[in-house]
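Visitor: Pasting in a structure now, in structure tokens, and then I'll have a few things to ask.
Number of protein chains: 2
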Amino acid sequence: MSAPKLARVIDIRALKSACSNCSLREMCLPTGLSQDEIEKLDQMVYTRKRVKRGDSVYRSEEKFGSLYAIRSGFFKTTLVMEDGRDQVTGFHMAGDMLGMDGIGSDQHSCNAVALEDSEVCVIPYGRLEELSREMFMLQQHFHKVMSREIVREHGVMLLLGSMRAEERLAAFLLNLSQRFTSRGYSASEFNLRMTREEIGSYLGLKLETVSRTFSKFQEDGLIGVQQKNIRILDSEGLKSVLGRDPA
Amino acid sequence: MSAPKLARVIDIRALKSACSNCSLREMCLPTGLSQDEIEKLDQMVYTRKRVKRGDSVYRSEEKFGSLYAIRSGFFKTTLVMEDGRDQVTGFHMAGDMLGMDGIGSDQHSCNAVALEDSEVCVIPYGRLEELSREMFMLQQHFHKVMSREIVREHGVMLLLGSMRAEERLAAFLLNLSQRFTSRGYSASEFNLRMTREEIGSYLGLKLETVSRTFSKFQEDGLIGVQQKNIRILDSEGLKSVLGRDPA
DNA sequence: GTATTGGTTTGATCCACATCAACATTTCCG
DNA sequence: CGGAAATGTTGATGTGGATCAAACCAATAC
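These protein sequence lines are chains A and B, in that order.
The first sequence begins at 78 in our numbering and counts up one residue at a time.
The second sequence begins at 78 in our numbering and counts up one residue at a time.
This is how it looks when you write it as structure tokens:
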């Protein structure tokens, strides 16, 4: 009696963790795969890993071996300079891919730290290479993911190089909102998982400036802020902050 | 008599433009390919294109179709915001790859403009995908190139987000010097192909600040500046500007 | 319950870089 | 060649965001 029961339990777990059943598959997988191909993918992603708040999936200098698809939770990636200054290079949520920085030099070049208890799917890079030689759709998908990361970073460069504080924060909020939306969450209300200091580091501002700018947006009726809870009250207004004269 | 002569001329031209003979192959191609594989590559890169100073290889919004390996010359890539502000996102020289921003959305997201008369090898992206499914080394190489672009951009984010003007310019000069070196040119003397304004745009500074900082470095004996000609006199000194206190 | 700690807000002041302006030099092109 | 336009330098002044400082608040520990 116990044997079949156990078997069923394992079945269910296997099912639950399978890519084919993952609620994020539109986000994270190519479309139009055959049943056979989906099974191969399920085999590729055989490990999932829980990452507690504050822990990292990988750290700079560490040997590269796998990519990580975020299944749930929230991460930041950071770079550290020799003199200790560090900089947040990105915030990453469910469906995003982490670790692509490691491919070029075979070691990671940033830290990926969980901002809340999270879970990632481990994708052994060697397997991904193999499979993407066999499966055109997978190859294409992977290349697109990398390319989009390049484009995302272009956007951050634009933000850091050409925008004023208010524009940076508005762009940041709109971007977050958009990403939450595309994952089926509310566009107008969400909880920040990062501190003011982390936002500041990402935006090239000091935490005081971030705080002041939040307050200003609130006074202007653009957003409601209560600690980490943000409500976007006037998204058009926020958009018009972008590209507006210093006035 | 004229027929064989003509044939020979064509032969020589084919030979000259072949990847297998390109002086940049260490820069731009994977290592350890068989003769057969190299021939396939030569067939993939069947077009070269001259780009005059000021002209662009591709522009933002344009349909994506090919990557471009720089064979000679110098490029900048730029992003333009709705309100007209534009930002240089990178400077690119022989051996660098352009166009990877276009893969993700099937259209380019920046402009690639020649800063001097240049020549690029056109790599039809579909062919590259095909071949990299057949040739492991090519696949691996291509992935590394993309990954390195991501890491390069991380570096720029660090620069824009955490460094002061002097640090930015010092990092910029050291980076240029290092890239010239790895291409067999002098590490200590080179000609800038871009204007002060373009440098400023890339570094998130105004052209006046760039000019002043050049002058300051010159006073301090770190570099010699004569318009676009730069001599690095004290590269250790330049390095020590990085991460130094505002003093 | 109180103490402690990490995070946030807000005010006062400062400074690195932007802006404005004048001029010098180089490059372009008829 | 010569004149215009583009680029570069340098000085004087202004300002957005940094820095310094002091409370305040929320969450957790005791």
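Positions of the beta carbon are idealized from the N, C-alpha and C atoms, including for glycine.
This one's a predicted model, so the numbers in the text were calculated from it and none came from an experiment.
Apart from the five residues just before and just after residue 132(B), which ones in its own chain have a Cβ nearer than 6 Å to its Cβ?
Guide: Answer for residue 132(B): 191, listed in chain order.
Visitor: Counting only beta-carbon atoms, is residue 285(B) nearer than 8 Å to chain A?
Guide: For residue 285(B), the answer is no, since every Cβ of chain A falls outside 8 Å of its Cβ.
Visitor: Sorted by chain position, which residues of the same chain lie with C-beta nearer than 6 Å to residue 343(A)'s C-beta, five sequence neighbours on each side aside?
Guide: The structure shown does not extend to residue 343(A), since chain A is modelled only from 78 through 324, so no value can be given for it.
Visitor: Is the beta carbon of residue 121(A) less than 8 Å from the beta carbon of residue 205(A)?
Guide: Contact flag set, yes.
Visitor: Taking Cβ-Cβ distances shorter than 7 Å, what residues in chain B pair up with residue 245(A)?
Guide: Simply none; closest approach about 10 Å.
Visitor: Kindly indicate if chain B contains any beta-carbon less than 8 Å away from that of residue 181(A).
Guide: Yes, residue 181(A) counts as interfacial toward chain B.
Visitor: Who are the near neighbours of residue 275(B) in its chain, counting only those whose CB is closer than 7 Å to its CB and skipping five residues on each side?
Guide: Only 153, 165 meet the Cβ criterion.
Visitor: For the region 223-234 of chain A against the region 297-310 of chain A, do three or more pairs of beta-carbon atoms, one drawn from each stretch, fall closer than 8 Å, so that the two count as touching?
Guide: No, they do not touch.
Visitor: Are the C-beta atoms of residue 379(A) and some chain B residue less than 8 Å apart?
Guide: Residue 379(A) lies beyond the range of chain A shown here (78 to 324); nothing can be said about it.
Visitor: Among residues of its own chain, excluding the 5 on either side of residue 281(A), which ones have a beta-carbon nearer than 6 Å to its beta-carbon?
Guide: Excluding residues within five positions, the ones whose Cβ falls inside 6 Å are 237.
Visitor: How long is the line joining the alpha carbons of residue 203(B) and residue 297(B), rounded to whole angstroms?
Guide: The straight-line gap from Cα to Cα measures roughly 52 Å.
Visitor: Going by beta-carbon coordinates alone, are residue 28(A) and residue 270(A) separated by less than 8 Å?
Guide: Past the boundaries of the shown model lies residue 28(A); chain A is included only from 78 to 324, so the question cannot be answered.
Visitor: For residue 308(A), would you say it is in contact with chain B, using Cβ-to-Cβ distances shorter than 8 Å as the test?
Guide: Not an interface residue.
Visitor: Taking the alpha helix (DSSP H) that residue 221(A) belongs to, which residues open and close that run?
Guide: Note, residue 221(A): alpha helix (DSSP H), 213-239.
Visitor: Output yes if chain B places a C-beta closer than 8 Å to the C-beta of residue 159(A); else output no.
Guide: Yes, because at least one Cβ of chain B sits closer than 8 Å to the Cβ of residue 159(A).
Visitor: Given this structure, state the Cα-to-Cα distance separating residue 215(B) from residue 256(A), to the nearest angstrom.
Guide: Approximately 34 Å, taken between the alpha carbons.
Visitor: Distance check for residue 313(A) and residue 139(A), CA to CA, integer angstroms please.
Guide: Spanning the two alpha carbons is a distance of roughly 43 Å.
Visitor: Please state whether DSSP places residue 170(B) in a helix, a strand or coil.
Guide: DSSP places residue 170(B) in strand when its eight states are reduced to three.
Visitor: Could you tell me the alpha carbon to alpha carbon distance between residue 97(A) and residue 143(A), rounded to whole angstroms?
Guide: For residue 97(A) and residue 143(A), the distance between alpha carbons rounds to 20 Å.
Visitor: What first and last residue would you give for the alpha helix (DSSP H) that runs through residue 251(B)?
Guide: Note, residue 251(B): alpha helix (DSSP H), 242-259.
Visitor: Does the CB of residue 134(A) have a neighbour CB from chain B at under 8 Å?
Guide: No, because no Cβ of chain B sits closer than 8 Å to the Cβ of residue 134(A).
Visitor: Closest by CA to residue 300(B), which one among 268(B), 285(B), 283(B)?
Guide: Checking every option, the nearest Cα to that of residue 300(B) belongs to 268(B).
Visitor: Tell me the rounded alpha-carbon separation between residue 188(A) and residue 224(B).
Guide: So the two alpha carbons sit approximately 16 Å from each other.
Visitor: Give the DSSP bridge partners of residue 155(B), in chain order.
Guide: For residue 155(B), which the question treats as bridged, DSSP gives the partners 165(B), 188(B).
Visitor: Could you name the residues that DSSP lists as bridge partners for residue 95(B)?
Guide: Paired residue(s): none; residue 95(B) is not in a bridge.
Visitor: Does any CB atom of chain B fall closer than 8 Å to the CB of residue 312(A)?
Guide: No, its Cβ sits nowhere closer than 8 Å to a Cβ of chain B.
Visitor: Leaving aside the five residues before and after residue 127(B) along the sequence, list all residues of the same chain whose C-beta is less than 8 Å from its C-beta, in chain order.
Guide: Same-chain partners within the cutoff: 194, 195, 196.
Visitor: Is the distance from the Cβ of residue 145(A) to the Cβ of residue 106(A) below 8 Å?
Guide: Not a contact, by the Cβ cut-off of 8 Å.
Visitor: Considering only residues of the same chain and omitting the five flanking positions on each side of residue 118(B), which have a CB-CB separation below 6 Å?
Guide: Result list for residue 118(B): 96, in chain order.
Visitor: Between the alpha carbons of residue 266(A) and residue 250(A), how many angstroms are there, rounded?
Guide: Roughly 11 Å between the two C-alpha positions.
Visitor: In chain order, what residues of the same chain have a beta carbon less than 8 Å from the beta carbon of residue 254(B), not counting five sequence neighbours either side?
Guide: Taken in chain order, the residues that qualify are 264, 265, 267, 309, 312.
Visitor: Checking 8 Å against the spacing of the C-beta atoms, do residue 170(A) and residue 147(A) come in under that value?
Guide: Going by C-beta atoms, residue 170(A) is nearer than 8 Å to residue 147(A).
Visitor: From the DSSP output, in three-state form, read off residue 301(B) for me.
Guide: Note: residue 301(B) maps to strand in three-state DSSP.
Visitor: Determine the extent of the alpha helix (DSSP H) in which residue 321(A) is found, giving its start and end residues.
Guide: Element bounds for residue 321(A): n/a, residue is neither H nor E.
Visitor: Residues of chain A with a CB under 8 Å from the CB of residue 360(B): which are they?
Guide: Any answer about residue 360(B) is impossible in this case: the structure gives chain B only from 78 up to 324.
Visitor: In chain order, what residues of the same chain have a beta carbon less than 8 Å from the beta carbon of residue 240(A), not counting five sequence neighbours either side?
Guide: Closer than 8 Å at Cβ, skipping near neighbours: 248, 319.
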